[in-house]
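Asks: Encoded as structure tokens, here's the structure I'll be asking about.
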Amino acid sequence: MSSPRRIFVPADSAALALGADALATAIADEAARRKRSVQIVRTGSRGMHWLEPLVEVDTDAGRIGYGPVSSADVASLFESGWLEGGAHALRIGAPEAQPFMARQTRWTFERCGVVDPLSWEDFVAHGGGQALAQARAQGAEATLSAIIDSGLRGRGGAGFPAGIKWRTVRETQAAIRYVVCNADEGDSGTFADRMLMEGDPLALIEGMAICGFVVGARKGFIYIRSEYPRAIRVLEQALELARTRGLLAECDIELRIGAGSYVCGEETALLESLEGKRGQVRAKPPLPAHAGLFGKPTVVNNVLTLATVPSILIRGAAAYAALGHGRSRGTMPIQLAGNIRHGGLFEAPFGISLTELVDDIGGGTASGRPVRAVQVGGPLGAYFPRELFDTPLDYEAFAARDGLVGHGGIVVFDDTVDMVRQARFAMEFCAAESCGKCTPCRVGSVRGMEVVDKIIAGQNVASNLALLEDLCHTLRLGSLCALGGFVPFPVLSALRHFPQDFHRP
Amino acid sequence: MAWDARKAAEIIEAHRHLDGPALPVLRALQDAFGYLPEEATAQVAEALNLSRAEVHGVISFYHDFRRTPAGRTSLKLCRAEACQAMGADALANEACAHLGTSWHGTTADGRVTLEPVFCLGLCSVAPAALVGDELVGRADWPRLAAALERCGR
Chain A
1 MSSPRRIFVP ADSAALALGA DALATAIADE AARRKRSVQI VRTGSRGMHW LEPLVEVDTD
61 AGRIGYGPVS SADVASLFES GWLEGGAHAL RIGAPEAQPF MARQTRWTFE RCGVVDPLSW
121 EDFVAHGGGQ ALAQARAQGA EATLSAIIDS GLRGRGGAGF PAGIKWRTVR ETQAAIRYVV
181 CNADEGDSGT FADRMLMEGD PLALIEGMAI CGFVVGARKG FIYIRSEYPR AIRVLEQALE
241 LARTRGLLAE CDIELRIGAG SYVCGEETAL LESLEGKRGQ VRAKPPLPAH AGLFGKPTVV
301 NNVLTLATVP SILIRGAAAY AALGHGRSRG TMPIQLAGNI RHGGLFEAPF GISLTELVDD
361 IGGGTASGRP VRAVQVGGPL GAYFPRELFD TPLDYEAFAA RDGLVGHGGI VVFDDTVDMV
421 RQARFAMEFC AAESCGKCTP CRVGSVRGME VVDKIIAGQN VASNLALLED LCHTLRLGSL
481 CALGGFVPFP VLSALRHFPQ DFHRP
Chain B
1 MAWDARKAAE IIEAHRHLDG PALPVLRALQ DAFGYLPEEA TAQVAEALNL SRAEVHGVIS
61 FYHDFRRTPA GRTSLKLCRA EACQAMGADA LANEACAHLG TSWHGTTADG RVTLEPVFCL
121 GLCSVAPAAL VGDELVGRAD WPRLAAALER CGR
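Protein sequences appear in the order of chains A and B.
Take the first sequence: its letter number 305 is residue 305 in my numbering, and every next letter is one higher.
Take the second sequence: its letter number 71 is residue 71 in my numbering, and every next letter is one higher.
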């Protein structure tokens, strides 16, 4: 009796949203009907979302992918001998040989889509746990030096050097310190945190454990948004697994669920929320590294920042720092979203241009119409026209063109987009999500909406445009946090690069 | 479920040992009762040694917390940019027309509550929706209606 053929079916939210659960059932049923012995393994996603659900069969010649598979295709796949890698219209061959995969440089997402996220054996077989062991062996100081030397910057958007933040917390005298993982990934066009938490949660947990070890924190929190039910379930189980396997020996980790507030992705609002309060931002200073959660020194890092730490320690800080562009070192998990043919997750060294990402890798729009604009960095990121597509992905290069890298999400729009409507939406979103603490954001966003409405209606357009610019100036300089402070990016970029949309008869 | 002070006390008790317990307590109460009635404010305030104003402030701040009951199934449609780029606004209009309600509204038969959501992390398979517990990518009205049908069973 031969061992069962392993069939990998993603349980990533993007695959689930396209019917992966029903598909897994259909495969099991069809195999039983044909008396074929199969073992269905649920994985994360490789990140080629146009091929989801992308099913992989563990053949004698390695893993062979078929996608996008629907339940209706299952009988014909068995008929074609897919368990032996047989030919079929949906056969794509080895997933890692796909150009979309072959062009990537995966550090953070090395295991994602490959392993069963809740299998300790898979985790260990793919190098899991080694980085924490190494940190324990070499000590906190040497580990901290490696993180500083790698040049790793916070992936949440602000791009602050992670090692410097860790050192600040480590050097405080406080008896109690915390590590907080910001998993409140609220930016539209971003889903890398979600994919990582669903596909390789133990990487995040190991990274947090290392951080806790380095800074001397005995308690950590993962603050995840409620809009990610699948990631929540996976993390709960992964934390239990990590606890029983000794990953949390120095620093235990508790999962906390948000309650639907975008501004809680801002680190001080997140801390308020963790403390059980309204998610209102705090004025800085003091920095959370000095007085954070419950007033104690706290590292607040994004999911991707922490999840990259283990691979940096294993593969070497110098190797990581050798990648990248300018002061943006290492790789960035880029998310291709919106109206794009080949959407998904693409991890590459900083420096890659928007043209490469949108046209070559993304394959242009899903609608087949010309690309008119992309918004990079979430709802507070700038809209870039084609003329700026030569911008390299690099924190400073984007800032120099009044844009944001943010969390690395790229949303593509075709030529049917109306940019004055997008500007209005940015203000509307800011108004809906403003925490209300500072006046520019609370009142300015509502006024911004009203002014854009007047422009759309053609009322005193010239003077209302001047008012809009003035208002954006106030928001940018007068707001407490990035919500009000950055909302001028989408509004003014829309106006600057697409003025014709603001001057309709 | 109708508000039950004894059951609520048990739920609060199960979470009050946490650091900063207010959000976990309120979430657990809403999971159990479907919403947070006026009685919840007073009882949580008393149990956590907070003022009623503080608890009211927390409940009213977060979009997830409801102060009135919802329909049996929630239909959350993403309204954010990536979904807009794939026709989310038109889909929302279609859903409103079919359901005979608007944002935050519940259908006349009490079956479905329509809620906006800003991002489900399905931006590469937009437009996206969450129907009950079921995620729907590349959503159109027939697929949403089918998912609602499955939830209703």
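Heads up, the beta-carbon is just placed ideally off N, CA and C, and yes, glycines get one too.
If you're wondering where the values come from, they're calculated on a predicted model, not measured in any experiment.
On a CA-only basis, which of A:S445, A:P297, A:N460 and A:I361 is nearest A217 of chain A? Give me that one, please.
Replies: A:P297
Asks: Which residue's Cα is closest to the Cα of H342 of chain A: A:M101, A:C251 and A:R421?
Replies: A:M101
Asks: Kindly say whether K296 of chain A, judged by its beta-carbon, lies nearer than 8 Å to any beta-carbon of chain B.
Replies: no
Asks: Cα separation between G71 of chain B and D89 of chain B?
Replies: Roughly 22 Å between the two C-alpha positions.
Asks: Give a yes or no on whether the minimum CB-CB distance between F486 of chain A and chain C is below 8 Å.
Replies: Judged by its chain identifiers, the structure shown contains no chain C, and its protein chains are A and B.
Asks: Under the rule that 16 or more other beta-carbon atoms within 10 Å means buried, what is H473 of chain A, buried or exposed?
Replies: exposed
Asks: Whole angstroms is fine: what's the gap from T268 of chain A's alpha carbon to G189 of chain A's?
Replies: 23 Å
Asks: Sorted by chain position, which residues of the same chain lie with C-beta nearer than 8 Å to T105 of chain A's C-beta, five sequence neighbours on each side aside?
Replies: L323, T331, E347, A348 and P349
Asks: Using beta carbons (cut-off 8 Å, strictly below), is D31 of chain B in contact with chain A?
Replies: no
Asks: Looking at the C-beta of H15 of chain B, does it have a partner C-beta in chain A at a distance below 8 Å?
Replies: no
Asks: Going by DSSP, what residues sit across from V374 of chain A in a beta bridge?
Replies: For V374 of chain A, DSSP records a beta bridge to A:F384 and A:V412.
Asks: Check whether the segment 146-154 of chain A and the segment 304-321 of chain A are in contact - that is, three or more C-beta pairs closer than 8 Å.
Replies: yes
Asks: Where does N49 of chain B land, buried or exposed, given buried means 16+ other C-beta within 10 angstroms?
Replies: exposed
Asks: Need the endpoints of the alpha helix (DSSP H) that S150 of chain A sits in, please.
Replies: Per DSSP, S150 of chain A belongs to the alpha helix (DSSP H) from A140 to S150.
Asks: Residues in the segment 233-251 of chain A with C-beta within 9 Å of chain B's C-beta atoms, listed in sequence order?
Replies: Result list empty, no residue passes.
Asks: Please state whether DSSP places I92 of chain A in a helix, a strand or coil.
Replies: strand
Asks: Taking Cβ-Cβ distances shorter than 7 Å, what residues in chain B pair up with Q375 of chain A?
Replies: E81
Asks: According to a CB-to-CB cut-off of less than 9 Å, which residues of the segment 65-79 of chain B neighbour chain A?
Replies: Taking a C-beta cut-off of 9 Å against chain A, the contacting residues of the segment 65-79 of chain B are F65, K76, C78 and R79, listed in chain order.
Asks: For R327 of chain A, which of A:H49, A:F109 and A:L393 has the nearest alpha-carbon?
Replies: A:L393
Asks: With distances taken between CB atoms, is the gap from V451 of chain A to L475 of chain A smaller than 8 Å?
Replies: no
Asks: Looking only at C-alpha atoms, which of B:D19, B:D31 and B:L91 sits nearest to P69 of chain B?
Replies: Relative to P69 of chain B, the option among B:D19, B:D31 and B:L91 whose CA is nearest is B:D31.
Asks: Please compile the residues from chain B whose C-beta is within a distance smaller than 8 Å of the C-beta of A411 of chain A.
Replies: Before going further, note that residue 411 of chain A is Val rather than Ala in the sequence given. Neighbours of V411 of chain A on chain B, chain order: E81, A82, A85 and C123.
Asks: Thinking E134 of chain B and A145 of chain B are a contact (beta carbons under 8 Å), I'd like their distance in whole angstroms, please.
Replies: With a Cβ gap of about 13 Å, E134 of chain B and A145 of chain B do not count as contacting.
Asks: Enumerate in chain order the residues of its own chain whose CB-to-CB distance from G444 of chain A is below 7 Å, with the five nearest sequence positions on each side excluded.
Replies: L471, T474, L475 and G484
Asks: Near C251 of chain A, which residues of its chain fall below 6 Å by C-beta distance, leaving aside the five closest residues on each side in sequence?
Replies: A209, G212, A217, R218 and G220
Asks: Give the residues from the segment 34-52 of chain A that approach chain B closer than 9 Å (Cβ to any Cβ), ordered along the chain.
Replies: G47, H49, W50 and E52
Asks: Is there a C-beta anywhere in chain B that falls below 8 Å from the one on A14 of chain A?
Replies: Using beta-carbon distances, A14 of chain A counts as an interface residue toward chain B, with a partner under 8 Å.
Asks: Comparing alpha-carbon positions, which option in A:E84, A:R447 and A:A366 lies nearest A426 of chain A?
Replies: A:R447
Asks: Listed in chain order, which residues of the segment 87-98 of chain B have Cβ atoms closer than 8 Å to some Cβ of chain A?
Replies: none
Asks: Buried or exposed, going by whether 16 or more other CB atoms sit within 10 Å of the CB of V234 of chain A?
Replies: buried
Asks: Could you spell out the range, first to last residue, of the alpha helix (DSSP H) harbouring D402 of chain A?
Replies: Counting along the chain, D402 of chain A falls outside any alpha helix (DSSP H), and DSSP gives it neither H nor E.
Asks: Assign R33 of chain A to buried or exposed, taking buried as 16 or more other Cβ atoms, counted over all protein chains shown, within 10 Å of its Cβ.
Replies: exposed
Asks: Is the beta carbon of D402 of chain A within less than 7 Å of some heavy atom of the ligand PLP?
Replies: This structure lacks the ligand PLP, and indeed carries no ligand of any kind.
Asks: Counting only beta-carbon atoms, is D133 of chain B nearer than 8 Å to chain A?
Replies: yes
Asks: How long is the line joining the alpha carbons of I92 of chain A and V179 of chain A, rounded to whole angstroms?
Replies: 42 Å
Asks: Please give me, in chain order, every unbroken run of the alpha helix (DSSP H) with length at least 4 that falls completely inside the segment 30-92 of chain A.
Replies: Taking 4 residues as the shortest admissible run, the segment 30-92 of chain A contains the following complete alpha helix (DSSP H) segments, listed from N- to C-terminal end: 74-79.
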